[in-house]
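What follows is a short report on a single structure.
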Amino acid sequence: MPVQLADVLTALETAYPPELAEPWDAVGLVCGDPTEQVTRVLVCVDPVAATVDEALELGADLIVAHHPLLLKGVHGVPADTTKGKLVHRMIRAGVALFCAHTNADSASPGVSDALAEAIGLRVLRPLAPTREDSVTGLGRIGELPEPEPFQRFVERVSAALPRTRAGVYGAGDPDREIRTVAVSGGSGDSYLGAATAAGVDAYVTADLRHHPAGEHLEAGPWVPALVGLTHWASEWPWCGQASAVMRHALAGNVDIHVSTRCTDPWTIRA
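When we follow numbering that gives the first Met the number 0, the leftmost residue of the sequence shown carries the number 0, and every step to the right adds one.
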C-alpha cells in the first residue's frame with residue numbers, strides 16, 4: 000500500500016512526542032511535502048553532506064535524523080551556505096528531512112534505552128525524569144545481568160558500539176565491580192551529579208570534558224567510574240530503534256535503511 004510522508008510522521012511523533020522536546024530544540028519536519036509518497040527512508044544521527052549523499056545514492060525519499068539541521072534561528076537558506084546547500088540538494092532531489100532530537104532523548108523508549116540495550120543493560124528508570132510518571136526523561140539507569148570488573152565493562156561497551164577513531168575510554172579502578180550503570184546518549188557531563196546521586200557503579204556518556212570529569216573523580220573512589228564515548232557512537236543505536244518504530248507502524252510498506260557512514264568528526268588518532 001502507498002505510504003504518505005504524513006503517515007511516517009505520525010508514527011515517529013507517536014513514538015517521540017514533540018512535546019517532550021526541550022524548549023530550545025528544533026524538531027519535526029524540516030523540508031518535504033506531507034502529501035508525497037515515501038518508499039525508502041534513511042535513518043541517521045547527523046543530517047550532513049555524507050548522509051545526504053547516502054540518501055541520494057539509495058534513492059531515499061526521506062531522511063530521519065536525530066540531530067536538527069537548523070537548530071538556531073535562520074533568516075534564509077541560501078545555497079552558498081553549508082546548511083542551505085543541503086536544504087537545496089534535498090528539495091531538488093525530492094528528499095524530505097525529519098528530525099527527532101531531545102524528544103527522542105526523553106521518550107520511552109528513546110535514545111538512552113537504545114544505548115543501554117546495546118550494552119546489555121536491563122533498564123530500571125530514567126536518570127533525570129521529566130514527568131511524574133518516572134518513565135520519560137533524559138538518560139537511563141540500568142543493571143548488568145552479572146557484576147563484572149570495570150576493565151571488562153569498558154571492553155563490553157567498546158564491542159557493542161560502532162568503531163570510531165577516538166575510541167572508548169574509561170576512568171576508574173580496572174578491578175572495580177560494576178553492576179549498576181547510568182547511560183546518557185550524547186553530551187552527558189551535566190548529569191554527573193545525577194549519576195552520583197543515583198549510586199551507580201559506572202556512568203557511560205559522550206563528550207566528557209576535562210574539568211567536570213576530573214572534579215567528579217576527585218570526590219573519592221565511591222563516585223561512578225566513567226566511560227567516555229564519541230557523541231555519534233553513543234546515539235547511533237537509536238537509528239535501529241527508530242527503524243523498528245517505522246517498520247512496525249508501516250507494516251513493511253516502506254524500505255528502511257540505517258546509515259552505515261560514520262559522521263563522527265574525528266578522523267585521525269596519533
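Where is the CB? At the ideal position from N, CA and C, for every residue including glycine.
The DSSP-derived three-state label of Glu176 is strand. By the criterion of at least three beta-carbon pairs nearer than 8 Å, the region 77 to 97 is not in contact with the region 109 to 122. The Cβ atoms of Gly187 and Thr204 lie closer than 8 Å to each other.
Asn102 has its alpha-carbon roughly 22 Å from the corresponding atom of Leu207. When Cβ pairs closer than 8 Å are counted between the two stretches, the region 247 to 265 is seen to touch the region 20 to 40, the count reaching three or more. Under the DSSP assignment, Asp254 falls in the beta strand (DSSP E) whose first and last residues are 254 to 257. Looking at the DSSP output, Tyr168 sits in a beta bridge with Gly227. By alpha-carbon distance to Leu19, the top candidate from Ala92, Ala181, Asp104, Ile90 is Asp104. Beta-carbon to beta-carbon, Val167 and Gly141 are separated by about 18 Å, too far to satisfy the 8 Å threshold.
Pro148 and Asp174 have their C-alpha atoms roughly 5 Å apart.
Across the set Ala95, Ala10, Gly72, the C-alpha of Ala95 shows the shortest separation from the C-alpha of Val51.
In the three-state scheme derived from DSSP, where H, G and I count as helix and E and B as strand, Glu214 is classed as helix.
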